[in-house]
Structures are given as C-alpha cells and as structure tokens.
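All remarks here apply to the structure that follows.
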Amino acid sequence: MSFQDLEAGRSFPSRQQNLINGKQDATQAVASGIFQINTAVSTFQRLVNTLGTPKDSPDLREKLHKTRLHIGQLVKDTSTKLKQASETDHRDEVSASKKIIDAKLAKDFEAVLKEFQKAQRLAAERETAYTPFVPQAVLPSSNGTSEIDLGSDKGAEQQALLVESRRQEVVLLDNEIAFNEAIIEERELGIQEIQQKIGEVNEIFKDLAVLVHEQGALIDDIGTHIENSQAATVQAKSHLVKAAKIQRSSLLAPGDIRNRASHRDHSTCSLIKRSKFKDLVISSL
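In my numbering, each residue's number is its place in the sequence shown (first place is 1) plus 25.
Below, the structure written as structure tokens:
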C-alpha cells in the first residue's frame, strides 16, 4: 500500500498481518509516517507563506520552529522504518507485492521530502529578509509637558513629571533596542537551524537514493521473473501443440495408410462388378 492509498482512505491488511512479534509492521509504519509528514509539511508551508506579512510575529516564528522540529523527527523515524522494510524485502520468502508496495512508499517518501526541502529554503530566505512584526509600544505622551508654568504652584510637580516621562522614554527605547537585538539573534539561530535541517534532509536523501535504487532493482528482478514465466508458458504451449500433432501423425502409420487405400480400391471394384452383373441380368430378360 502506498501513501496515496492511505490518503484515499483505503484500509490496511488485518491487524494480525500488521503485527510481527508484537511490533507494528514496518511497511504500515512508513505509510503512516509519510502521511503525517505530508500533513505537517502543508502546515509548515502555510506558516512560511505568512512570513513577511502583517501576521508575521514572534508567535508565528515559534510555531514555525516547533513544526520544523516535528517534521525533522518524523523524517528520521520514517527513514529508519523504511530501511527496516528494505532489509526485509531482500528475503526470499517476502512476497513480490510487498516489495512493490515498499518501492512505491520509498518514492512517496522522496517526493514529500523534496516538498519539505523546498519549503525550508523559502523559509530561510524570508526569515533573513523580514523581521517579525511587533506592535509599536504606546509611549507616554509628552505633549504640553515642555510648557511648564514655573511661576505657578504646580511648577515643581510638572517638572518632576517631565523628568519621569523622559526617563520612561529612555527605558522604553533601551527595551526596544534589546528586543530588536534578541529578535535578530533569534532570527540568526533560526537560520542556522534551517541550514542544519536542510543538511540532515540532504543526508537522508543520500540514504534514500540508495534505498530507491535497491527497491527498483528488486522490482526489475520481479519483472524479469514475470517475463521469463510468460515466455516459458508460451513456449510450453507451443511444445504441447507440436506434441499433439506428432501424436496424431503417429496414429496413422504408413502401412495403415496403404492398407486403407487398398481396401478403398477393392470396395470400388466390387461395386463396379455388381453394377455390371445387374445390367447383364436385366438385358437377358
């Protein structure tokens, strides 16, 4: 069963067939893993498409980070299960249908990894180009504070408020600078993480290429056996037809043919003689 079969809602074989020594069958585990990766990659792509828009925020970057880690773990687990299935397929007792199913799953796995790799490259580009959108903090208004009536009784109080306002502005500015620096650092770490994940996927691609090649060789071997069986069947039918013709010919030996021909000639002469005798009798009357 391929990943498309799982998406289409087709059921797997019975639970008894899917359990080996109490463990989940590797083929089913691979199909399930590919399905989960495909779903997670779709979510990852939606998040990547939000980067650089007004909806781009630190929370979105965090979701992107967690989704990337989740996909990375699924890829590792599925790759391990696929290797197990591939090793099993080299046994003589494994059916041809299972080998073909595992080969299809390997190609499905390769396809979904390519989609994930493409999304990661786009994420790296956008995270480098854009910073998350942060609503501007509402600063205390200083309008009118500079116009202080020092001659009034409230002059000292207004002066104190002005000093406090300026202090808050400085604090907010420092906080904004620190926040931006943290965002930049986090973005750099995110880019490094993306590059690391791309490297891990590339390594899995190398292993997967070997598996796909091995699975393809197994399918080619199965196809060769089928073609050879078909050719042998055609040849066997041809031999049977020839044997039947020879058997029919052997039933009609040359001596039997001459005897049958002589018998036919004798019978013809007898009929001619009887006809002539009959004509003689009639004429005598």
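Just so you know, even glycine gets a beta-carbon here, dropped at the ideal spot from N, CA and C.
Close-in-space but distant-in-sequence residues of the same chain around residue i (CB under 7 Å, 5 per side omitted)
| i | result |
| --- | --- |
| residue 102 | 58 |
| residue 155 | 76, 77, 81 |
| residue 51 | 106, 109, 110, 113 |
| residue 270 | none |
| residue 127 | 52, 110, 111, 114, 240 |
Integer Cβ distance of residue i from residue j, believed to fall under 8 Å
| i | j | result |
| --- | --- | --- |
| residue 137 | residue 74 | The pair is not a contact, with the Cβ atoms about 18 Å apart (cut-off 8 Å). |
| residue 228 | residue 93 | Contact flag wrong, Cβ pair sits at about 16 Å. |
| residue 236 | residue 148 | Actually they do not touch by this definition, with Cβ atoms about 27 Å apart. |
Proximal residues to residue i (C-beta, below 6 Å), its chain only, five neighbours per side dropped
| i | result |
| --- | --- |
| residue 144 | 69, 70, 73 |
| residue 86 | 157 |
| residue 79 | 158 |
| residue 83 | 157 |
Burial state of residue i (16 or more Cβ within 10 Å)
| i | result |
| --- | --- |
| residue 234 | exposed |
| residue 104 | buried |
| residue 89 | buried |
| residue 267 | exposed |
| residue 54 | buried |
| residue 133 | buried |
Proximal residues to residue i (C-beta, below 8 Å), its chain only, five neighbours per side dropped
| i | result |
| --- | --- |
| residue 141 | 62, 66, 69, 96, 100, 226 |
| residue 151 | 73, 76, 77 |
| residue 119 | 113 |
| residue 116 | none |
First through last residue of the alpha helix (DSSP H) which encompasses residue i
| i | result |
| --- | --- |
| residue 83 | 83-114 |
| residue 129 | 121-154 |
| residue 60 | 51-75 |
Neighbour flag for residue i against chain D, beta carbons, 8 Å
| i | result |
| --- | --- |
| residue 120 | Although the question refers to chain D, the structure presented lacks it and comprises just one protein chain. |
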